[in-house]
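For the sequence shown, my numbering puts the final residue at 312, and the numbers step up evenly by one.
What follows is a short report on a single structure.
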Amino acid sequence: MSLRQLSGAQPTFSWKKLGRNDLCWCGSGKKYKTCHEAFDDRLIRYERQGVPVPQRSSLKKATDIQKIKDSAKINMAALDAVAEKICAGMSTLEIDRIVEDVTRKMGGIPAPLDYKGFPKSCCTSINDQVCHGIPSGDDILKDGDIINVDCSTILDGYFSDSSRMFMIGEVSAEKKRLVEVTKECMEIGIKAVRPWTRLGDMGDAVHQHAVKNGYTVVREIGGHGCGFEFHEEPFVSYVSRPGTEMLMVPGMVFTIEPMVNMGGEEIFVDEDNEWTVYTADRMPSAQWEVELVVTEDGCEILCS
Ligand code: MF3
Ligand code: CO
Numbered sequence: 009m010s011l012r013q014l015s016g017a018q019p020t021f022s023w024k025k026l027g028r029n030d031l032c033w034c035g036s037g038k039k040y041k042t043c044h045e046a047f048d049d050r051l052i053r054y055e056r057q058g059v060p061v062p063q064r065s066s067l068k069k070a071t072d073i074q075k076i077k078d079s080a081k082i083n084m085a086a087l088d089a090v091a092e093k094i095c096a097g098m099s100t101l102e103i104d105r106i107v108e109d110v111t112r113k114m115g116g117i118p119a120p121l122d123y124k125g126f127p128k129s130c131c132t133s134i135n136d137q138v139c140h141g142i143p144s145g146d147d148i149l150k151d152g153d154i155i156n157v158d159c160s161t162i163l164d165g166y167f168s169d170s171s172r173m174f175m176i177g178e179v180s181a182e183k184k185r186l187v188e189v190t191k192e193c194m195e196i197g198i199k200a201v202r203p204w205t206r207l208g209d210m211g212d213a214v215h216q217h218a219v220k221n222g223y224t225v226v227r228e229i230g231g232h233g234c235g236f237e238f239h240e241e242p243f244v245s246y247v248s249r250p251g252t253e254m255l256m257v258p259g260m261v262f263t264i265e266p267m268v269n270m271g272g273e274e275i276f277v278d279e280d281n282e283w284t285v286y287t288a289d290r291m292p293s294a295q296w297e298v299e300l301v302v303t304e305d306g307c308e309i310l311c312s
């Protein structure tokens with residue numbers, strides 16, 4: 009038999025309750041006791057059990073969600089414009105121009121531009137490029153390529169983030185299957201988002217589907233909280249285990265964006281530009297990304 013040590017610092021808990029008749033922190037205008045008090049009690053019980061929980065300040069209120077949706081409208085329009093024009097012979101710099109033009113015309117700012125020194129307005133990652141490919145006039149799309157275009161927009165201080173795969177001309181059956189299974193991985197992840205379950209439950213569902221299809225999932229790079237900032241807590245893994253990682257609760261906004269490799273999971277970063285990530289075995293990689301908010305009974309996609 010062992011006893012828990014009583015000495016040492018008491019754990020500190022981030023969630024503090026309000027007075028029962030105070031106005032609720034969520035901005036509903038209702039009293040705390042008729043609004044989020046039960047929610048807080050539930051969350052505090054998890055936190056006391058040692059489960060990682062989100063900070064209250066990171067949760068998005070209804071007004072925040074609307075702002076993220078406004079930002080996402082631009083992001084999705086930019087990707088729609090790319091979808092319409094993308095073809096063999098086009099450079100990835102032209103894709104960047106399309107994204108920049110649509111975003112600016114609609115009043116947004118491309119979030120990647122100047123983000124930690126990133127030089128362009130979106131990421132374009134072809135074939136064995138896993139993510140963070142830098143658009144360039146020298147990179148010309150050719151028949152058989154698969155490419156991820158990753159867009160992120162700032163509008164009125166709110167961030168949206170999503171990416172899609174495009175297949176150029178006649179793509180091999182192997183690459184086509186990779187692109188399709190990766191989309192299924194994202195969709196399975198979306199279906200696994202339920203409040204009061206763990207991010208690891210979702211991550212494992214994504215991972216299992218990739219493995220079942222003979223693929224691997226990148227470990228070092230994942231999704232992220234999003235909305236108030238480009239990248240917020242938590243880090244969202246797609247190789248995580250059930251019953252681990254942060255608790256999902258209504259109002260949490262994060263991305264599901266698994267990177268799925270046809271070959272091994274190992275990756276490396278381009279030494280010259282210090283951005284572009286490649287598969288170590290130079291086999292193809294695919295990625296799809298959505299941004300979502302956890303709701304009372306699942307989730308709602310904000311940006312796709
Ligand atoms: N949209 C990417 C993401 O999901 C971010 C790439 S922008 C870069 O995190 F500037 F960091 F390259
Ligand atoms: Co992202």
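All C-beta atoms, glycine included, are put in the ideal place defined by N, C-alpha and C.
Note that the structure is a prediction, hence the values are computed from the model and not measured.
Can you name, in chain order, every residue of its own chain whose Cβ lies under 8 Å from the Cβ of W23, other than the five neighbours on each side? Taking the sequence shown and counting its residues from 1, one reaches residue 23 at position 15. The answer, listed in chain order, is D48, L51, I52, E55, V61 and R64.
In three-state terms, what does DSSP make of M98? Locating residue 98 in the sequence shown gives position 90, counting from the first residue. When DSSP states are grouped into helix, strand and coil, M98 belongs to the coil group.
Between Q74 and T284, which are expected to be in contact by the criterion C-beta below 8 Å, what is the C-beta distance as a whole number of angstroms? If you number the sequence shown from 1, residue 74 lands on position 66. If you number the sequence shown from 1, residue 284 lands on position 276. So it is not a contact: roughly 35 Å between Cβ atoms.
Out of curiosity, what's the CA-to-CA distance linking L31 and S66? Position 23 of the sequence shown, counted from the start, is the residue given in the question as residue 31. Position 58 of the sequence shown, counted from the start, is the residue given in the question as residue 66. Straight-line Cα distance between these residues: approximately 19 Å.
Between the Cα of E108 and the Cα atoms of D72, I154, D158 and C193, which residue gives the shortest distance? What you label residue 108 is simply residue 100 of the sequence shown in a count that begins at 1. When each option's Cα is compared against that of E108, the closest is D158.
I need the straight-line Cα distance from S99 to Y40, nearest angstrom please. Here residue 99 refers to the residue found at position 91 of the sequence shown. Here residue 40 refers to the residue found at position 32 of the sequence shown. Rounded to the nearest angstrom, the two C-alpha atoms are 55 Å apart.
Does the beta-carbon of H232, which I'm using as the reference point, lie nearer than 7 Å to any heavy atom of the ligand CO? Here residue 232 refers to the residue found at position 224 of the sequence shown. It does: the Cβ of H232 is within 7 Å (strictly closer) of some heavy atom of the ligand CO.
Using DSSP's beta-bridge definition, name the partner residues of P118. Working through the sequence shown from its first residue, we reach residue 118 at position 110. Residue pairing by DSSP puts P118 in a beta bridge opposite T161.
Exposure of W296, with buried meaning 16 or more beta-carbon neighbours within 10 Å: What you label residue 296 is simply residue 288 of the sequence shown in a count that begins at 1. Buried is the call here.
Beta carbon of C131: closer than 7 Å to some heavy atom of the ligand MF3? Along the sequence shown, read from residue 1 onward, the residue named residue 131 stands at position 123. Yes, Cβ of C131 sits closer than 7 Å to a heavy atom of the ligand MF3.
Restricting to runs no shorter than 4 residues, where is the alpha helix (DSSP H) found entirely within the region 125-170? none
Quick one: is the Cβ of T190 within less than 7 Å of any heavy atom of the ligand MF3? Translated into positions along the sequence shown, residue 190 becomes position 182. T190: no, Cβ never under 7 Å from the ligand MF3.
Alpha helix (DSSP H) runs contained entirely in the region 160-226, provided each spans 4 or more residues: Taken in chain order, the complete alpha helix (DSSP H) segments of 4 residues or longer contained in the region 160-226 are 181-199 and 207-220.
Check Y246 in the structure and name its three-state DSSP category. Here the question's residue 246 lines up with position 238 in the sequence shown. Y246 carries a coil assignment under DSSP once its states are collapsed to helix, strand and coil.
Tell me the DSSP secondary structure of K69 in three-state form. Here residue 69 refers to the residue found at position 61 of the sequence shown. Looking at K69 - three-state DSSP - the assignment turns out to be coil, as it is neither helix nor strand.
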